[in-house]
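These notes concern the structure reproduced below.
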Ligand SMILES: Nc1ncnc2c1ncn2[C@@H]1O[C@H](COP(=O)(O)OP(=O)(O)OP(=O)(O)O)[C@@H](O)[C@H]1O
Ligand SMILES: [Mg+2]
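In this note's numbering, the protein residues as written are 21 to 512.
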């Protein structure tokens with residue numbers, strides 16, 4: 021080996037994945053990263069190693085592709101600084117190889133001015149950055165620093181994605197479907213930035229849950245997370261809530277008060293139902309975000325803000341923009357990154373996981389052992405879920421409250437689900453999905469029997485109050501009496 025640069029014991033390199041785990045992103049005290057310098061010119065190689073070492077990296081220099089390949093085979097390298105001069109094609113080959121075998125390794129290519137096209141090609145092949153020779157030494161330091169920051173973030177985001185996927189993510193987001201995986205991929209990246217994120221999705225798909233997760237998995241988790249429901253506050257209140265007010269600004273303003281954008285200092289404000297924000301407040305919000313300061317109601321002065329904005333809506337904001345009901349400039353400002361949450365029908369594979377999750381919570385709460393019958397599971401898997409995860413959660417809550425034993429039966433579900441079942445029953449009368457033979461009950465219960473059970477349960481729950489039971493079951497008084505007679509429940 022020709023390099024006279026400080027050598028290091030490669031076997032002592034930390035393994036991939038250790039660096040970010042040891043460092044705290046927010047504080048930037050990361051472990052030393054390894055840099056492999058591949059350059060046949062000993063002087064350049066040594067100079068690069070020296071600079072890298074001076075900036076806190078662990079450098080190792082090799083003269084060519086063969087030595088580099090050898091070294092990469094048995095060691096974990098964070099950053100490769102690769103000279104493409106002369107051996108451009110084998111250099112690109114190595115780059116390709118590293119990208120395939122060690123996708124987490126950052127690659128910086130060095131090219132002579134004359135071969136700048138190779139740099140373009142290298143970037144296309146997946147190089148992280150490039151340097152055109154001759155370069156100033158502090159240029160190298162900047163590029164190394166940039167690569168290492170990116171690598172730290174990549175590692176942290178990879179770990180977070182894994183955590184979310186295996187349901188250990190903070191915030192209890194459940195789902196392993198491909199649709200949720202896409203969400204984790206984006207979430208794990210945006211959590212470490214301070215960009216605004218627009219969270220879209222039908223009602224009950226978990227928009228607030230995701231917003232909280234972005235906050236708690238980010239560097240400012242210890243700072244406040246403040247949700248503001250733009251739909252439930254009257255317009256004048258939204259303004260004073262968000263921007264604050266001064267004493268005497270309006271009747272009842274006996275003292276000045278900071279707005280939420282100010283008091284969230286360093287944290288996150290979650291603007292829920294942003295589509296409901298009136299147009300004049302949209303203009304004020306945009307100004308606040310652009311200028312990073314707010315003017316409290318009744319004040320002449322402005323107050324600086326330092327806050328991350330997350331926004332959510334179940335409305336079609338781009339359509340609202342076209343119709344002139346939502347400001348285009350604010351839309352673009354909030355929509356730097358958007359997360360479109362899948363509806364529950366788009367990720368039916370996750371339904372059993374969600375059921376298990378909610379029942380486990382119930383079981384812990386009540387010290388019981390609730391489970392769902394095969395039949396109930398089939399219907400829950402098949403149902404349209406207009407209210408998404410929230411509706412599923414409520415359905416299970418209700419079924420647990422109505423269930424007389426521990427196996428939740430269809431009769432314990434709410435009327436939309438029972439109605440759905442009765443309308444689609446022939447379609448979904450398929451073999452049981454669960455092999456668990458311990459689950460009680462026949463695979464198919466006649467509808468009349470279900471109805472009878474539901475009526476009996478409602479009556480039992482309501483101490484025989486027929487009118488209240490009818491109301492709860494969503495049927496009229498006359499129908500109730502007719503059914504009682506039909507099922508011989510006259511005295512129930
Ligand atoms: N992926 C998920 N895993 C576990 N629980 C979830 C998931 N998604 C949603 N939930 C639960 O469903 C309920 C509704 O979620 P959330 O309030 O976040 O929905 P939302 O999209 O904000 O609904 P809305 O538009 O009606 O405000 C919450 O109790 C939440 O914990
Ligand atoms: Mg919500």
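All C-beta atoms, glycine included, are put in the ideal place defined by N, C-alpha and C.
The DSSP-derived three-state label of residue 304 is helix.
Annotation for residue 276: 266, 267 place their beta carbon closer than 6 angstroms to its own, counting only its chain and skipping 5 residues before and after.
In the structure shown, the three-state DSSP call for residue 404 is coil. For ligand 1, a non-hydrogen atom lies closer than 7 angstroms to the CB of residue 193.
Counting the other CB atoms within 10 Å of its CB gives residue 232 a total of 16 or more, which places it among the buried residues. Spatial neighbours of residue 269 in its own chain (CB-CB distance under 6 angstroms, excluding positions within 5 residues in sequence) are listed in chain order as 317, 318. The stretch 343–363 makes contact with the stretch 207–222, as at least three CB pairs between them are under 8 angstroms. For residue 76, there is no enclosing alpha helix (DSSP H), as DSSP gives it neither H nor E. CA-to-CA, the gap between residue 327 and residue 287 works out to about 5 angstroms. Shown here for residue 333: same chain residues with a beta carbon closer than 7 angstroms to its own, the five before and five after excluded, namely 220, 293, 294, 295 in chain order. Per DSSP, the continuous beta strand (DSSP E) segment holding residue 54 begins and ends at 54–58.
Here the alpha carbons of residue 407 and residue 482 stand approximately 27 angstroms from one another.
Around residue 142, the same chain offers 104, 112, 115, 129, 150 as residues with beta carbons nearer than 7 angstroms, after the five sequence neighbours per side are excluded. Placement of the Cβ of residue 225 at a distance of less than 7 angstroms from at least one heavy atom of ligand 1 is found. For residue 292, the distance from the CB to the nearest heavy atom of ligand 2 is below 7 angstroms. Apart from sequence neighbours up to five positions away, the residues of its chain that approach residue 383 with a beta-carbon distance below 7 angstroms are 389, 390, ordered along the chain. Pairing residue 167 with residue 126 gives a Cβ-Cβ distance under 8 angstroms. Classified as exposed, residue 338 has fewer than 16 neighbouring CB atoms from the shown chains inside 10 Å of its CB. For residue 378, the uninterrupted alpha helix (DSSP H) run begins and ends at 371–386, by DSSP.
Boundaries of the beta strand (DSSP E) harbouring residue 360: 357–360, taken from the DSSP string.
The beta-carbon separation of residue 53 and residue 179, rounded to 16 angstroms, does not stay under the 8 angstroms limit for a contact.
Taking a contact as a CB-CB distance under 8 angstroms, the pair residue 57 and residue 81 counts as one, their CB atoms being some 4 angstroms apart. Under the DSSP assignment, residue 254 falls outside any beta strand (DSSP E); it carries neither an H nor an E label.
Per DSSP, residue 330 is one residue of the beta strand (DSSP E) stretching across 328–333. Using a Cβ-Cβ distance cut-off of 8 angstroms, the stretch 159–166 and the stretch 194–203 are not in contact, since fewer than three pairs of beta carbons, one from each stretch, lie closer than that value.
Residue burial annotation: residue 242 is exposed, with fewer than 16 other C-beta atoms found within 10 angstroms of its C-beta. Secondary structure of residue 264 (DSSP, three-state): strand.
For residue 341, no beta strand (DSSP E) run applies; the uninterrupted alpha helix (DSSP H) run containing it begins and ends at 337–342, by DSSP. For residue 164, there is no enclosing beta strand (DSSP E); the enclosing alpha helix (DSSP H) has its first and last residue at 157–185. In this structure, the C-beta of residue 228 approaches ligand 2 to less than 7 angstroms from one of its heavy atoms.
Listed as beta-bridge partners of residue 500 by DSSP are no residues whatsoever. Segment contact: the stretch 339–352 against the stretch 393–404, fewer than three CB-CB distances shorter than 8 angstroms; contact not assigned. Contact annotation: residue 67 and residue 55 have beta-carbon atoms that are not nearer than 8 angstroms. A distance criterion of 7 angstroms places the beta-carbon of residue 385 beyond contact range of ligand 1, judged by its closest non-hydrogen atom. Around residue 422, the same chain offers 432, 477 as residues with beta carbons nearer than 6 angstroms, after the five sequence neighbours per side are excluded.
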